[in-house]
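Below is one structure, written out as structure tokens; comments come after it.
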Amino acid sequence: MSEVMTDQGNPTLLNEIYTELYITEGDSGKVNNEHEVRQIEAASRRAATEETPIKCSDIFKPLPEEDKPIRSVLTKGVAGIGKTVSVQKFILDWAEGKTNQDVHLIFPLPFRELNLMKDQTLSLMELLHFYFEGIKETNISSLHKVLFIFDGLDECRFPLDFQNTVRVCDVTEPVSVDVLLINLIKVNLLPSALIWITSRPAAADQIPSEWFNRVTEVRGFNDPQKEEYFRKRIRDQSLSNRIITHLKSLRSLYIMCHIPVFCWISATVLERLLGKAESGEIPKTLTQMYTHFLIIQTNIIKKKYTESRETDNEMVLKLGKLAFQQLMKGNLIFYEEDLMECGIDVTEASVYSGVCTQIFREEFGLHQSKVYCFVHLSIQEYLAALYVHLTFMNEKKNVLQCYSVFSKVWAKFKKFKEIPISDVHKSAVDQALQSKNGHLNLFLRFLLGISLESNQILLQTRHGNKRSISHSKQETVNYIKEKIRENPSTEKSINLFHCLNELEDHSLVEEIQHYIQSGNLQHTELSPSQWSAVVFVLLSSVQEQDVFVLNKYISKHHTSDDGLLKLLPVVAASRKAELNNCGLNEKSCAGLASVLSSKSSNLRELDLSWNNLSDSGVKSLSAALENPHCKLKTLRLCYCEISDEGCAALSSALRSNPSHLRELDLTVNNLRDSGVKSLSAVLKKPHCKLETLR
1 MSEVMTDQGN PTLLNEIYTE LYITEGDSGK VNNEHEVRQI EAASRRAATE
51 ETPIKCSDIF KPLPEEDKPI RSVLTKGVAG IGKTVSVQKF ILDWAEGKTN
101 QDVHLIFPLP FRELNLMKDQ TLSLMELLHF YFEGIKETNI SSLHKVLFIF
151 DGLDECRFPL DFQNTVRVCD VTEPVSVDVL LINLIKVNLL PSALIWITSR
201 PAAADQIPSE WFNRVTEVRG FNDPQKEEYF RKRIRDQSLS NRIITHLKSL
251 RSLYIMCHIP VFCWISATVL ERLLGKAESG EIPKTLTQMY THFLIIQTNI
301 IKKKYTESRE TDNEMVLKLG KLAFQQLMKG NLIFYEEDLM ECGIDVTEAS
351 VYSGVCTQIF REEFGLHQSK VYCFVHLSIQ EYLAALYVHL TFMNEKKNVL
401 QCYSVFSKVW AKFKKFKEIP ISDVHKSAVD QALQSKNGHL NLFLRFLLGI
451 SLESNQILLQ TRHGNKRSIS HSKQETVNYI KEKIRENPST EKSINLFHCL
501 NELEDHSLVE EIQHYIQSGN LQHTELSPSQ WSAVVFVLLS SVQEQDVFVL
551 NKYISKHHTS DDGLLKLLPV VAASRKAELN NCGLNEKSCA GLASVLSSKS
601 SNLRELDLSW NNLSDSGVKS LSAALENPHC KLKTLRLCYC EISDEGCAAL
651 SSALRSNPSH LRELDLTVNN LRDSGVKSLS AVLKKPHCKL ETLR
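Written as structure tokens, this is what we have:
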């Protein structure tokens with residue numbers, strides 16, 4: 001998967017450029033609703049050995065240990081990760097007779113197409129005849145197996161009410177499109193039909209998990225595939241090696257290379273900057289990478305489009321307004337009415353998609369109906385940030401005020417006073433922190449990065465004198481540090497550290513790196529913001545966090561429990577946590593239980609020996625072991641003051657089917673006969689997975 005998604009001017013056969021993507025078998029647990037960049041960062045720390053890879057062509061084939069047929073599949077994945085290309089490859093292989101020949105017909109119905117029919121009433125047969133004229137003589141009900149592919153659930157613009165929808169069993173009964181879809185999924189219409197739905201993770205919970213037999217995740221490129229991509233894309237092996245080395249040295253960028261589209265953006269920029277010895281700094285941040293990418297694309301636009309420079313700027317500004325307004329609404333796919341709101345008519349949109357092929361796309365549906373989108377969500381976020389920045393510089397206007405009650409009130413007091421750009425940044429920080437799913441996180445990082453003088457020089461949009469720019473930057477930096485101190489959420493703090501990185505302020509991080517490298521962290525009293533910096537440094541380290549040893553980070557100025565609770569995100573990212581002999585108690589167990597119950601946790605080995613956990617602490621851990629998301633395999637509880645009551649809780653957890661525990665060490669505890677008997681009884685159960693008990 002590469003240019004097939006973006007280079008409209010030079011169509012390439014899918015079979016020539018397709019690379020098998022990394023797809024894993026997943027469960028149908030709670031959907032991760034945080035910003036996709038955070039999901040990618042978390043996914044990059046997962047242990048690959050704990051996952052079940054699955055080929056795209058085998059999406060409907062049961063695993064060897066499964067005996068039930070698979071009718072409905074949900075495939076999740078962030079924008080640009082390869083869901084649609086996987087669908088296209090599945091259909092192409094079927095059409096060429098290579099795979100899945102037991103399927104008689106495939107009906108691809110993207111949600112962006114169905115949106116155009118949302119106000120119509122029609123039967124399933126009428127819907128299919130409208131999109132697929134060639135099947136008018138076919139009796140769909142008589143076919144043993146047909147496949148419906150609904151691509152892009154995140155683009156759905158009609159409600160899906162699974163609780164109150166009327167039951168429909170007749171393929172000739174006219175109803176609304178949402179009712180047709182729901183009844184197909186609920187096995188009322190065409191019970192033998194297969195259903196495949198793709199979605200970004202944040203939108204996947206529109207359909208209850210109970211209606212899926214399998215959930216898979218497209219993970220994009222794993223680390224070997226990233227290198228393979230750059231070596232295929234860039235034929236000069238010396239240059240490709242330099243690009244790979246550069247990206248590996250910058251963990252935040254290398255993690256983003258899980259997304260194939262980001263690999264393509266990075267290759268486009270770095271091939272030019274490293275290969276042709278052009279002057280200028282090699283990009284080290286996301287904003288720098290995207291700024292160079294936009295410059296490359298606008299230079300291409302100038303060659304294609306010979307009008308004045310003002311037209312180029314106007315084009316970018318209009319696309320930026322569209323990107324911003326739709327980002328605030330949560331839309332990735334746009335229709336004619338969305339464009340008209342931003343002063344873009346259909347003719348202009350066609351011109352934009354013709355000259356901005358790597359930024360903006362106009363797509364034709366099955367009946368030549370038009371929909372529009374940016375090549376990738378991150379490009380939409382970058383252009384949205386650029387629009388906010390340029391609107392301030394050109395009109396001294398903070399467009400974010402329209403989306404914040406606080407900003408509207410504050411604006412009345414500043415009506416007759418020119419506001420500094422730091423005020424725009426502060427309102428963006430506030431709104432990003434208020435977002436429940438972090439959908440403005442990357443937008444915020446871009447907005448702050450664009451304000452740097454180096455990026456403004458590249459964009460030729462410098463504003464004000466150097467002293468004013470420097471003062472505004474420091475105002476923003478101070479405000480972000482203040483929010484880090486105030487914010488109890490480690491996840492939100494981590495994005496704020498990324499923001500400081502975009503602003504080239506590394507003071508907090510460098511201070512913590514010094515403490516960690518010198519070994520003096522245990523002797524230092526850390527503030528809340530410094531604790532957040534410790535977590536950020538450890539999570540963004542070039543070295544994978546494999547074994548976490550708590551004693552390295554515990555200060556005599558803090559209780560061990562407080563220190564552990566602050567470092568829980570690092571524990572969750574580690575494969576093994578050594579917390580032995582740290583003076584922990586039941587308070588820590590409650591925090592660890594939340595880690596063990598988390599779907600994204602990597603923790604497989606946990607050593608809590610020589611801590612006074614008592615029975616109440618063990619009960620918290622036992623409850624977590626029963627959670628289906630818990631993947632812990634080794635638990636050591638030597639010398640932990642556990643009695644028969646705690647032993648009974650552990651026995652109950654081991655009796656639970658979801659428990660993955662293979663090794664349990666209870667050496668030297670206050671166990672009596674009743675505790676040992678309860679454990680022994682569990683060991684006799686056929687589904688107990690425990691292999692070692694001490």
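The sequence shown begins at 1 in UniProt numbering and counts up one residue at a time.
All residues carry an ideal CB built from backbone N, CA and C; glycine is no exception.
* Asked: Rounded to a whole number of angstroms, what is the C-alpha to C-alpha distance between S249 and K284?
  -> Taking the sequence shown and counting its residues from 1, the one referred to as residue 249 is at position 249. Taking the sequence shown and counting its residues from 1, the one referred to as residue 284 is at position 284. Distance between the alpha carbons of S249 and K284: 9 Å.
* Asked: What whole-angstrom Cβ distance do S57 and F107 have, given they're in contact under 8 Å?
  -> Translated into positions along the sequence shown, residue 57 becomes position 57. Translated into positions along the sequence shown, residue 107 becomes position 107. That belief does not hold up - the Cβ atoms of S57 and F107 are roughly 18 Å apart, past 8 Å.
* Cα-Cα separation, H376 to Y290 -> For the purposes of this step, residue 376 is identified with residue 376 of the sequence shown, where counting begins at 1. For the purposes of this step, residue 290 is identified with residue 290 of the sequence shown, where counting begins at 1. So the two alpha carbons sit approximately 12 Å from each other.
* To do: Determine, using beta carbons only, whether L383 and G449 come nearer to each other than 8 Å.
  => Counting from one through the sequence shown, the residue named residue 383 turns up at place 383. Counting from one through the sequence shown, the residue named residue 449 turns up at place 449. Not a contact, by the Cβ cut-off of 8 Å.
* Apply the 10 Å Cβ neighbour rule to H104 and answer buried if 16 or more other Cβ atoms are within range, or exposed otherwise. => On the sequence shown, position 104 is the one that residue 104 refers to. By the 10 Å Cβ count, H104 comes out exposed.
* Any idea what DSSP makes of V31, helix, strand or coil? -> Counting from one through the sequence shown, the residue named residue 31 turns up at place 31. Note on V31: pLDDT 40, under 50, position unreliable in the model; the coordinate value appears next. Residue state for V31 is assigned as coil, using DSSP reduced to three classes.
* Looking only at C-alpha atoms, which of N627, A203, D665, A573 sits nearest to F158? -> As a working mapping, residue 158 is identified with position 158 in the sequence shown. Comparing Cα-Cα distances from F158 to each of N627, A203, D665, A573, the minimum goes to A203.
* Return the CA-CA distance between C582 and S588, expressed in angstroms with no decimal places. => For the purposes of this step, residue 582 is taken as residue 582 along the sequence shown, with counting starting at 1. For the purposes of this step, residue 588 is taken as residue 588 along the sequence shown, with counting starting at 1. Distance between the alpha carbons of C582 and S588: 11 Å.
* Asked: Could you give the residue range of the beta strand (DSSP E) that holds W196?
  -> Taking the sequence shown and counting its residues from 1, the one referred to as residue 196 is at position 196. Looking at the DSSP string, the run of the beta strand (DSSP E) that includes W196 is 194-199.
* Could you tell me if G9 is buried or exposed, where buried requires 16 or more neighbouring beta carbons within 10 angstroms of its beta carbon? => Here residue 9 is taken as the residue at index 9 of the sequence shown, counted from 1. Unreliable placement is indicated for G9, whose pLDDT of 39 sits below 50; the coordinate value is still reported in the next sentence. Exposed.
* To do: Evaluate G675 with the Cβ neighbour count: other Cβ atoms within 10 Å of its Cβ, from every protein chain shown; 16 or more gives buried, anything less gives exposed.
  => As a working note, residue 675 is residue 675 in the sequence shown. Result: buried.
* Could you tell me which residues DSSP pairs with R361 in its beta bridges? => One-based indexing of the sequence shown puts residue 361 at position 361. Bridge partners of R361: C373.
* Asked: Skipping 5 residues on each side, what residues in its chain have a beta carbon closer than 7 Å to that of H629?
  -> Translated into the one-based positions of the sequence shown, residue 629 becomes position 629. For H629, where only same-chain residues beyond five positions count, the Cβ hits under 7 Å are G29, S597, S598, K599.
* Where does the unbroken beta strand (DSSP E) through N137 begin, and where does it stop? -> Within the sequence shown, residue 137 is the residue found at index 137, counting from 1. Sequence inspection shows Glu at residue 137; the Asn mentioned does not correspond to that position. Counting along the chain, E137 sits inside no beta strand (DSSP E), nor does DSSP assign it H or E at all.
* Three-state class that DSSP yields for A577 in the structure shown -> Looking up residue 577 in the sequence shown gives position 577. Assigned with DSSP and collapsed to three states, A577 falls in strand.
* Asked: Since I516 contacts V547 with CB under 8 Å, what's their CB separation in whole angstroms?
  -> The sequence position of residue 516 within the sequence shown is 516, counting from 1. The sequence position of residue 547 within the sequence shown is 547, counting from 1. Going by Cβ atoms, the distance from I516 to V547 rounds to 15 Å, so no, they are not a contact pair.
* Asked: What are the residues that DSSP puts in a beta bridge with R636?
  -> Mapped onto the sequence shown, residue 636 falls at position 636. Answer is D607, D665.
* Please work out which residues of its chain come closer than 7 Å, Cβ to Cβ, to L690, disregarding the five sequence neighbours upstream and downstream, and give them in chain order. => Residue 690 sits at position 690 when you count from the first residue of the sequence shown. Cβ within range, chain order: L654, L661, R662, L664, L683.
* Asked: Whose C-beta lies closer than 7 Å to the C-beta of I185 among residues of the same chain, with five residues either side of it excluded?
  -> Along the sequence shown, read from residue 1 onward, the residue named residue 185 stands at position 185. Same-chain partners within the cutoff: S72, I195, I207, W211.
* Asked: Can N220 and I54 be called in contact, C-beta distance under 8 Å?
  -> Locating residue 220 in the sequence shown gives position 220, counting from the first residue. Locating residue 54 in the sequence shown gives position 54, counting from the first residue. The displayed chain sequence assigns Gly, not Asn, to residue 220. No; because the gap between Cβ atoms is not below 8 Å, this pair is not in contact.
* To do: Report the rounded CA-to-CA distance for L386 versus S378, giving the unit in angstroms.
  => To locate residue 386, count along the sequence shown from 1; it is residue 386. To locate residue 378, count along the sequence shown from 1; it is residue 378. In a straight line, the C-alpha of L386 is about 12 Å away from that of S378.
* **Whole alpha helix (DSSP H) elements within the segment 75-142, 4-residue minimum** => The alpha helix (DSSP H) runs of length 4 or more contained entirely in the segment 75-142 are, from start to end of the chain, 83-95, 111-114, 124-131.
* **For E217: DSSP bridge partner residues** => Numbered from its first residue, the sequence shown carries residue 217 at position 217. According to DSSP, E217 bridges with T24, K76.
* According to DSSP, is F324 helix, strand or coil? -> Taking the first residue of the sequence shown as position 1, residue 324 is located at position 324. Helix, per DSSP.
* **Assigned secondary structure, V547 (DSSP; H/G/I helix, E/B strand, else coil)** => Here residue 547 refers to the residue found at position 547 when the sequence shown is read from its first residue. V547: strand per DSSP, three-state reduction.
* Asked: According to DSSP, which residues form a beta bridge with S176?
  -> Residue 176 sits at position 176 when you count from the first residue of the sequence shown. Answer by DSSP bridge pairing, in chain order: T121.
* To do: Note down the Cα distance separating S532 from I554, rounded to an integer number of angstroms.
  => Position 532 of the sequence shown, counted from the first residue, corresponds to residue 532. Position 554 of the sequence shown, counted from the first residue, corresponds to residue 554. The alpha-carbon of S532 is positioned some 14 Å away from that of I554.
* Asked: Should E502 go down as buried or exposed, given a rule of 16 or more other Cβ atoms within 10 Å for buried?
  -> Position 502 of the sequence shown, counted from the start, is the residue given in the question as residue 502. Result: buried.
* Pull up the distance between the alpha-carbon of K226 and that of I255, whole angstroms please. => Position 226 of the sequence shown, counted from the first residue, corresponds to residue 226. Position 255 of the sequence shown, counted from the first residue, corresponds to residue 255. Each residue's CA atom was taken as its position, placing K226 and I255 some 10 Å apart.
* To do: Would you tell me roughly how many angstroms separate the C-alpha atoms of R462 and G275, rounded to the nearest one?
  => Within the sequence shown, the letter at position 462 stands for residue 462. Within the sequence shown, the letter at position 275 stands for residue 275. Caution is warranted here: a pLDDT of 49 is assigned to R462, below 50, making its placement in the model unreliable, and no coordinate value can be reported.
* Asked: Per DSSP, which one or two residues make a beta bridge with T52?
  -> The sequence position of residue 52 within the sequence shown is 52, counting from 1. Partner residues in the beta bridge of T52, as assigned by DSSP, are E25.
* Work out the CA separation of E66 and R672 for me, nearest whole Å. => For the purposes of this step, residue 672 is identified with residue 672 of the sequence shown, where counting begins at 1. For the purposes of this step, residue 66 is identified with residue 66 of the sequence shown, where counting begins at 1. Their backbone Cα atoms lie some 41 Å apart in a straight line.
* If L613 and L632 are in contact, beta carbons under 8 Å, what's the gap, nearest whole angstrom? -> Along the sequence shown, read from residue 1 onward, the residue named residue 613 stands at position 613. Along the sequence shown, read from residue 1 onward, the residue named residue 632 stands at position 632. Between L632 and L613 the Cβ distance is about 15 Å, and since that is not below 8 Å, they are no contact.
* Paired residues, beta bridge with I149 - DSSP -> Taking the first residue of the sequence shown as position 1, residue 149 is located at position 149. By DSSP's assignment, I149 forms a beta bridge with P108, W196.
* Please report how far the alpha carbon of E95 lies from the alpha carbon of E348, in whole angstroms. => Taking the first residue of the sequence shown as position 1, residue 95 is located at position 95. Taking the first residue of the sequence shown as position 1, residue 348 is located at position 348. Residue identity check: residue 95 is Ala in the sequence provided, not Glu. Their Cα atoms are separated by approximately 36 Å.
* Where do the N-terminal and C-terminal ends of the alpha helix (DSSP H) with K251 fall, by residue? -> Residue 251 sits at position 251 when you count from the first residue of the sequence shown. The amino acid at residue 251 is misidentified as Lys; the sequence shows Arg. Residues 251-256.
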